[in-house]
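First the structure, in the form of structure tokens, and then the observations on it.
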Amino acid sequence: MNQPDLIDCDDVGEAIREGRALRPARVFRIRFAQDDLNFRVIEVPDPIPLGRQILSAAGLDAQHDYSLFAILDGGDFEDVRLDETFDLREQGAERFVAFQTDREFKLMVNGNQVQWGKPAISGAVLYRLAEPSQEEAVFLVVNGGTDREIARTELFDLTSPGVERFITAPRGPLTYRIIVNGREIEVAQKRQTFDDLVALAYPGTAPAPNVIYSITYSRAASTPHSGELGQGGFIEVKNGTRANVTCTVQS
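According to this note's numbering, the sequence shown holds residues 229 to 479 in order.
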């Protein structure tokens, strides 16, 4: 094929999603990450690169004991040997991850086996791997017990014997701890209306025609994060949202 017949670049991910073959190109675009799974775009000059060519394209030195894996379309990790080729045209993988380690740990995420190159994995990475919906969370399967919800901020130890299994499942009812007139109150609804906040500030008080309420708030989840809330309005709260409700009695 003549050089003019080549396009400048073809994107492997786009080819997979469009169900087409890779086009002849000067470079091929893939996604690469290290153990934090923050993927970035890199380009390789060959549709059948060596593993070490992928590392080199990512700016890494293959002499520094890296393990390289391709993340297949179904979510499984496939070992990519540094001195063996990986055919981007046939494997159905656009994402690659490298670990600088001499030991691998196995875990299961939604039935897919993952080989991890670190003795610990963060909750944030587990959520990226599992891709739960907004109504779901990631849980550690506890045999004979209650599955434990994994927080995005925690670091999970993989060195215990056995293979840990993680699944996505509907999360339990959410509650939010907010502060109303200096008191911490737990609420079940993210959306809190003007009337809701008045009722929280003055529980058991019946509405009176000669009482006017005003509300200021800060640290809200919604935008703007602080300000005044008018009658009929609402805010979306999060843990730590503050509301100050005052009342004025008209004569």
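Note that CB positions come from ideal geometry on N, CA and C, so glycine has one too.
Contiguous alpha helix (DSSP H) elements confined to the stretch 376-432 occur at 422-429, taking only those with 4 or more residues. Beta-carbon to beta-carbon, Ala348 and Leu296 are separated by about 20 Å, too far to satisfy the 8 Å threshold. Here DSSP, grouped into helix, strand and coil, assigns Ser284 to helix.
Taking a contact as a CB-CB distance under 8 Å, the pair Phe260 and Phe267 counts as one, their CB atoms being some 7 Å apart. Beyond the five residues adjoining it in sequence on each side, Glu322 comes within less than 7 Å, by CB distance, of Val240, Gly241, Ile244, Ile258, Arg259 in the same chain, given in chain order.
Distance from the CA of Ser446 to the CA of Trp344, rounded to the nearest whole angstrom, comes to 41 Å. By the neighbour-count criterion, in which a residue is buried when 16 or more other Cβ atoms sit within 10 angstroms of its Cβ, Gly461 is exposed. If you draw a straight line from the Cα of Ala397 to the Cα of Pro435, it is about 42 Å long.
Per the DSSP secondary-structure output, Gln341 pairs in a beta bridge with Met336. In this chain, the beta strand (DSSP E) harbouring Arg259 covers 253-261. Taking all protein chains in view, the Cβ of Glu392 is crowded by 16 or more other Cβ atoms within 10 Å, so the residue is classified as buried.
Look at Glu456 here: in three-state DSSP terms it is strand.
Between Gln478 and Val426, the C-beta gap is not smaller than 9 Å, which leaves the two residues out of contact.
Per the C-alpha coordinates, the member of Gly390, Lys346, Asn472, Val370 positioned closest to Arg411 is Asn472. Annotated three-state conformation of Val353 is helix, per DSSP.
By the beta-carbon neighbour count (other beta carbons within 10 angstroms, threshold 16), Ile235 is exposed.
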